[in-house]
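There are 2 protein chains.
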Amino acid sequence: MREVGIGIAGFGVVGGGVMSILRRHAGDIEARLGARIVVRRVVVRDTEKPRAVDVDRALVTTRFEDLLEDPQVAVVVELIGGVDQAFELVRGAMERGKHVVTANKALLAARGDEIFKLARERGVDVYYEAAVCGGVPIIRTLREALASDRITALHGIVNGTTNFILTAMAEKGEPIEVALAEAQRLGYAETDPTLDVSGGDAAQKLCVLAQLAFGARLMPADVLTEGIMGLQPEDFRWAREFGYALKLLAVARRSSPGEEGGLDRLEARVHPAFIPAGSLLAGVRGAMNAVVLHSDALGPSMLYGQGAGAMPTGSAVVSDIIDLTRNILAESPGRVPLPPARPLVALRRHDEIRCAYYLRFGVKDTPGVLARIASQLASRRISIAAVQQHEQNDEGKPVPLVIVTHVAREADLRAAIAEIDRDPTTLAPTRLIRIESV
Amino acid sequence: MREVGIGIAGFGVVGGGVMSILRRHAGDIEARLGARIVVRRVVVRDTEKPRAVDVDRALVTTRFEDLLEDPQVAVVVELIGGVDQAFELVRGAMERGKHVVTANKALLAARGDEIFKLARERGVDVYYEAAVCGGVPIIRTLREALASDRITALHGIVNGTTNFILTAMAEKGEPIEVALAEAQRLGYAETDPTLDVSGGDAAQKLCVLAQLAFGARLMPADVLTEGIMGLQPEDFRWAREFGYALKLLAVARRSSPGEEGGLDRLEARVHPAFIPAGSLLAGVRGAMNAVVLHSDALGPSMLYGQGAGAMPTGSAVVSDIIDLTRNILAESPGRVPLPPARPLVALRRHDEIRCAYYLRFGVKDTPGVLARIASQLASRRISIAAVQQHEQNDEGKPVPLVIVTHVAREADLRAAIAEIDRDPTTLAPTRLIRIESV
Numbered sequence: 001m002r003e004v005g006i007g008i009a010g011f012g013v014v015g016g017g018v019m020s021i022l023r024r025h026a027g028d029i030e031a032r033l034g035a036r037i038v039v040r041r042v043v044v045r046d047t048e049k050p051r052a053v054d055v056d057r058a059l060v061t062t063r064f065e066d067l068l069e070d071p072q073v074a075v076v077v078e079l080i081g082g083v084d085q086a087f088e089l090v091r092g093a094m095e096r097g098k099h100v101v102t103a104n105k106a107l108l109a110a111r112g113d114e115i116f117k118l119a120r121e122r123g124v125d126v127y128y129e130a131a132v133c134g135g136v137p138i139i140r141t142l143r144e145a146l147a148s149d150r151i152t153a154l155h156g157i158v159n160g161t162t163n164f165i166l167t168a169m170a171e172k173g174e175p176i177e178v179a180l181a182e183a184q185r186l187g188y189a190e191t192d193p194t195l196d197v198s199g200g201d202a203a204q205k206l207c208v209l210a211q212l213a214f215g216a217r218l219m220p221a222d223v224l225t226e227g228i229m230g231l232q233p234e235d236f237r238w239a240r241e242f243g244y245a246l247k248l249l250a251v252a253r254r255s256s257p258g259e260e261g262g263l264d265r266l267e268a269r270v271h272p273a274f275i276p277a278g279s280l281l282a283g284v285r286g287a288m289n290a291v292v293l294h295s296d297a298l299g300p301s302m303l304y305g306q307g308a309g310a311m312p313t314g315s316a317v318v319s320d321i322i323d324l325t326r327n328i329l330a331e332s333p334g335r336v337p338l339p340p341a342r343p344l345v346a347l348r349r350h351d352e353i354r355c356a357y358y359l360r361f362g363v364k365d366t367p368g369v370l371a372r373i374a375s376q377l378a379s380r381r382i383s384i385a386a387v388q389q390h391e392q393n394d395e396g397k398p399v400p401l402v403i404v405t406h407v408a409r410e411a412d413l414r415a416a417i418a419e420i421d422r423d424p425t426t427l428a429p430t431r432l433i434r435i436e437s438v
Numbered sequence: 001m002r003e004v005g006i007g008i009a010g011f012g013v014v015g016g017g018v019m020s021i022l023r024r025h026a027g028d029i030e031a032r033l034g035a036r037i038v039v040r041r042v043v044v045r046d047t048e049k050p051r052a053v054d055v056d057r058a059l060v061t062t063r064f065e066d067l068l069e070d071p072q073v074a075v076v077v078e079l080i081g082g083v084d085q086a087f088e089l090v091r092g093a094m095e096r097g098k099h100v101v102t103a104n105k106a107l108l109a110a111r112g113d114e115i116f117k118l119a120r121e122r123g124v125d126v127y128y129e130a131a132v133c134g135g136v137p138i139i140r141t142l143r144e145a146l147a148s149d150r151i152t153a154l155h156g157i158v159n160g161t162t163n164f165i166l167t168a169m170a171e172k173g174e175p176i177e178v179a180l181a182e183a184q185r186l187g188y189a190e191t192d193p194t195l196d197v198s199g200g201d202a203a204q205k206l207c208v209l210a211q212l213a214f215g216a217r218l219m220p221a222d223v224l225t226e227g228i229m230g231l232q233p234e235d236f237r238w239a240r241e242f243g244y245a246l247k248l249l250a251v252a253r254r255s256s257p258g259e260e261g262g263l264d265r266l267e268a269r270v271h272p273a274f275i276p277a278g279s280l281l282a283g284v285r286g287a288m289n290a291v292v293l294h295s296d297a298l299g300p301s302m303l304y305g306q307g308a309g310a311m312p313t314g315s316a317v318v319s320d321i322i323d324l325t326r327n328i329l330a331e332s333p334g335r336v337p338l339p340p341a342r343p344l345v346a347l348r349r350h351d352e353i354r355c356a357y358y359l360r361f362g363v364k365d366t367p368g369v370l371a372r373i374a375s376q377l378a379s380r381r382i383s384i385a386a387v388q389q390h391e392q393n394d395e396g397k398p399v400p401l402v403i404v405t406h407v408a409r410e411a412d413l414r415a416a417i418a419e420i421d422r423d424p425t426t427l428a429p430t431r432l433i434r435i436e437s438v
């Protein structure tokens with residue numbers, strides 16, 4: 001039986017999952033492939049560290065060179081994380097004609113261009129199903145299944161940590177500090193949760209997805225990014241009252257070109273959003289991930305599954321290894337093209353985004369306040385869809401007043417809020433949550 | 001630019017969709033492929049019939065031979081439907097070394113074995129993404145993304161017509177005749193809706209899916225199949241009362257081998273089922289389709305989208321054409337293997353299925369009836385999870401009594417029902433709906 005050799009760099013949680021799956025399903029995989037996948041090298045930082053999954057000591061090394069210079073390694077699996085060292089490893093592999101599998105969204109978001117350019121030059125493949133949404137086959141679907149279609153919008157719950165926290169807040173009414181601590185205790189959130197709760201992780205993933213879905217070329221800094229730490233239990237109560245669920249969404253949406261013509265414009269943003277309570281995305285609970293696509297021919301579609309964890313992420317890595325092995329056996333590397341070398345869409349200015357908005361004001365309980373806010377919104381052509389004011393018995397505290405607007409331009413809305421927040425009857429900064437119909 | 005020629009046989013709704021997509025997205029497709037897809041032949045039954053999508057008259061023919069004998073046609077797209085004539089066409093194509101795309105689940109369910117055998121012998125590819133769930137990329141996902149994993153269960157809403165009818169019944173409380181007539185009026189159901197409402201269409205699709213997901217070799221007649229025509233508005237009311245939604249499900253589930261050892265056993269069934277009201281599948285409304293998979297590494301995952309219609313189905317056909325074109329350009333046909341030649345699982349006897357059940361009895365309002373039914377169930381080790389009896393003021397009519405059981409063996413349950421239905425205090429046959437936790 002033919003053999004294809006792989007080398008694994010980084011042997012943490014995902015590496016252990018990859019090794020387990022390759023072992024446990026070896027028979028099935030061989031039957032499907034007509035070939036055997038053999039792990040030739042495993043690079044670790046510390047050879048003495050005890051590991052959940054056993055590895056033959058003879059394969060283990062601490063030197064990337066041992067993997068790069070091994071002629072029996074045809075595929076390098078990068079699982080070390082981070083950007084610079086991972087980039088050097090991936091570049092070294094490609095320069096030696098090896099194919100690459102990576103689960104590293106940070107690397108792809110920051111240096112994907114250089115990687116894909118080099119892959120084109122060297123005629124090697126770079127697969128990265130595990131970089132976004134763990135085991136959910138969103139990369140493969142964008143790259144292959146939807147090759148016949150034109151995607152117009154993408155809405156995703158792509159960060160399991162924040163979805164776990166928001167689900168707990170919605171279902172138990174917990175403040176965010178409590179929900180976050182519970183997520184940390186259960187291993188869903190890191191000790192330093194900043195990358196997740198800031199929306200930064202989701203923004204990295206959105207960059208990777210938008211490149212495949214729209215031919216965009218974005219850096220995480222290009223994405224309008226708002227995290228979840230400002231959300232309060234009352235936002236969830238209001239969401240329910242208006243028939244919404246509250247989720248951290250990654251959104252990319254194509255709009256027709258601006259007046260200057262040329263490329264289509266693409267909105268790219270990550271922020272908490274109200275979505276209809278009856279929508280499928282609203283039913284995505286806990287640490288699960290899902291991506292809804294809208295495309296010309298297919299209409300709406302959704303992929304759903306576990307976005308993290310040793311086995312789900314490991315299964316995505318192994319799918320890529322199998323796919324690359326098929327390419328190697330069929331001598332067809334480059335069969336599915338890499339993302340386009342030049343951007344096919346341009347970023348839409350965040351100011352120009354058009355959304356409906358939920359606005360929560362903290363205002364003094366004096367006559368004329370609602371009239372003033374309504375006229376400040378109206379003067380900027382922001383039209384009101386719904387208003388709710390709850391009674392406030394606690395004298396001196398701000399009155400909770402909530403307004404849901406029709407679709408408005410982000411710049412107009414921000415200007416109106418700035419004006420409202422300058423008024424002496426406004427006691428607390430106005431909170432804004434965008435509303436998406438997914 | 002290189003060209004790959006295709007021939008389309010059958011130019012109805014889907015054929016028009018395929019042609020529209022190939023035209024509308026020609027630029028995108030060429031950019032992605034580095035090659036042009038050219039329609040060389042279109043076979044129709046009646047060349048004079050007016051069509052929604054224009055075709056160059058020079059391409060149109062009524063003779064399959066014109067397509068089969070055209071050396072410029074590398075891929076034959078079979079959209080004529082039916083079994084025997086479609087089989088002859090597909091065989092003719094493969095014998096001439098042409099690859100095949102088909103949207104024909106009836107053909108695959110009835111004669112898939114012969115087709116895959118011939119494809120193996122001739123070294124050609126057979127792609128059929130459009131045969132199941134229209135544009136939802138379930139075939140590709142089973143064949144490629146989950147190649148690294150071991151699927152344990154599949155639950156699908158794979159028939160849009162029946163899901164449209166059941167959604168209307170659930171949301172409007174309509175009797176099935178009214179919901180069906182509305183579905184016919186809107187074009188979701190055929191004039192003769194038998195294939196859909198009997199579950200037969202879903203059973204065909206389940207055969208195709210089970211082959212890829214489990215290596216099963218099933219004919220539609222092997223599938224335990226119950227349709228929706230016996231459902232009544234009160235079943236939906238009871239579903240709501242117990243916290244369920246009522247859907248027509250296609251289910252395939254792997255269980256460990258029987259005592260005789262050997263192959264794993266596979267349950268294969270299509271029937272109305274109660275599923276938890278909060279589950280994602282319960283949120284699949286109208287004519288939409290969805291498939292939930294459970295697999296070892298990935299855990300639960302779901303794909304969702306439009307299962308029918310010119311453009312969704314057309315987009316799946318065009319994805320297959322693009323994939324085959326990639327194989328042709330990379331000279332790698334057979335890159336993704338066909339389904340296995342021998343079955344990897346054996347059918348589990350329907351008697352041996354284990355489920356929880358909802359039972360609706362129509363019994364006389366006399367003392368001791370509940371006690372008798374409970375003891376008849378208990379004598380067959382069927383344990384009761386919940387009971388509800390509503391008041392019946394209409395004298396002489398059966399009392400509506402509903403029992404939800406814990407998991408029980410189908411054979412035991414059927415024996416108990418047969419005994420209960422023989423009793424003179426039973427006025428109407430007992431209705432049974434299986435309960436699935438998806």
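Top line first, the protein sequences correspond to chains A and B. For the first sequence, position 251 matches number 251 in the numbering used here, and the numbering has no gaps at all. For the second sequence, position 269 matches number 269 in the numbering used here, and the numbering has no gaps at all. Where a beta carbon is used, it is the ideal one built from N, C-alpha and C, also for glycine. Keep in mind it's a predicted model, so treat the numbers as computed, not measured.
Q.
Pop quiz: A213/A and L298/A are said to be a contact at Cβ under 8 Å. What is the actual Cβ separation, rounded to whole angstroms?
A. About 13 Å separates the two Cβ atoms, so there is no contact after all.
Q) Curious, which full-length alpha helix (DSSP H) runs of at least 4 residues does the stretch 205 to 284 of chain B contain? A) 233 to 242
Q) When you compare each of G200/A, L266/A, V223/A to T162/A by their alpha carbons, which one comes out closest? A) G200/A
Q. Does the beta-carbon of H99/A have 16 or more other beta-carbons within 10 angstroms, so that it is buried, or is it exposed?
A. buried
Q. Quick one: Cα of V18/A to Cα of V318/A, how far?
A. 6 Å
Q) Going by beta carbon distance, what residues of the same chain come within less than 8 Å of L59/A, once the five residues before and after it are set aside? A) V39, R40, R41, V42
(Q) Assuming F164/B is part of the beta strand (DSSP E), what are its boundary residues? (A) No beta strand (DSSP E) contains F164/B, which is instead part of the alpha helix (DSSP H) from 160 to 172.
Q. So A268/A packs on D222/A, CB below 8 Å; how close in whole Å?
A. 6 Å
Q: Under 9 Å between beta-carbons, which chain A residues line up against Q306/B? List them in chain order, please.
A: L298, G299, P300, S301
Q) If we count the other Cβ atoms within 10 Å of its Cβ and call it buried at 16 or more, is V387/A buried or exposed? A) exposed
**Q.** Residue nearest to A308/B in terms of C-alpha spacing, selected from N289/B, L186/B, I322/B, S301/B
**A.** N289/B
Q: Would you check if the distance between the CB atom of A287/B and the CB atom of A252/B is smaller than 9 Å?
A: no
Q) If you measure beta-carbon to beta-carbon, which residues of the stretch 309 to 320 of chain A are closer than 7 Å to chain B? A) M311, P312, G314, S315, V318, S319
(Q) Using a Cβ-Cβ cutoff of less than 6 Å, which residues in the same chain neighbour H294/A once the five nearest sequence positions on both sides are dropped? (A) T152, A153, P300
Q. Quick one, which of I384/A, A408/A, E144/A has its alpha-carbon nearest P337/A's?
A. E144/A
(Q) Against chain B, which members of the stretch 319 to 350 of chain A pass a CB distance test of less than 9 Å? (A) S319, D320, I321, I322, D323, R326, N327, L329, A330, E331, S332, P333, G334, R335, V336, P337, P340, L344
Q | Bridge partners - H294/A, DSSP secondary structure assignment | A | A153/A, P300/A
Q. When Cβ atoms are compared, which residues of the stretch 281 to 297 of chain B fall closer than 7 Å to chain A?
A. G283, A297
**Q.** Residues that E144/A contacts on chain B, provided the C-beta gap is smaller than 9 Å
**A.** P137, R140, E144, S319, I322, D323, R326
Q) Are three or more beta carbon pairs between the stretch 129 to 139 of chain A and the stretch 340 to 352 of chain A nearer than 8 Å? A) no
(Q) What does the Cβ neighbour count give for E88/A, buried or exposed, with the cut at 16 atoms within 10 Å? (A) exposed
(Q) Give me, in chain order, the residues of the same chain whose beta-carbon lies closer than 6 Å to that of G10/A; leave out the 5 immediate sequence neighbours on both sides. (A) L79, I80
Q) Quick one, which residues of the stretch 231 to 261 of chain B are near chain A if we go by CB-CB under 8 Å, in chain order? A) none
(Q) On the DSSP bridge list, what partners appear for F11/A? (A) Partner(s): none; F11/A has no beta bridge.
**Q.** Cutoff 9 Å: E129/B Cβ touching any chain A Cβ
**A.** yes
Q) When you check each C-beta in the stretch 21 to 46 of chain A against every C-beta of chain B, which residues fall closer than 9 Å? A) I21, L22, R24, H25, D28, I29, A31, R32, L33, G34
Q) For G243/A, which residues from the same chain have a beta carbon less than 7 Å from its beta carbon, with the 5 sequence-adjacent residues on both sides left out? A) P276, A277
Q. If you drop the 5 nearest sequence neighbours on each side, which residues of the same chain put their C-beta closer than 6 Å to that of A203/B?
A. P220, V223, T225, V270
**Q.** Contact set between S437/B and chain A, taken where Cβ atoms lie within less than 9 Å
**A.** Simply none; closest approach about 15 Å.
Q | Any 3 or more C-beta pairs closer than 8 Å across the stretch 365 to 372 of chain A and the stretch 416 to 425 of chain A | A | yes
**Q.** Alpha carbon of G305/B to alpha carbon of G82/B, nearest angstrom
**A.** 25 Å
Q | Span separating the alpha-carbon of L218/A from that of V101/A | A | 21 Å
Q) How many angstroms separate the CA atom of L401/A from the CA atom of L359/A? A) 8 Å
Q: Examine the Cβ distances between the stretch 43 to 52 of chain B and the stretch 158 to 173 of chain A and report whether three or more of them are shorter than 8 Å.
A: no
Q) When the Cα atoms are used, what is the spatial distance from V407/A to R348/A? A) 17 Å
(Q) How far does the beta strand (DSSP E) with A378/B in it extend, from its first residue to its last? (A) It is not in any beta strand (DSSP E) - A378/B instead sits in the alpha helix (DSSP H) that spans 369 to 378.
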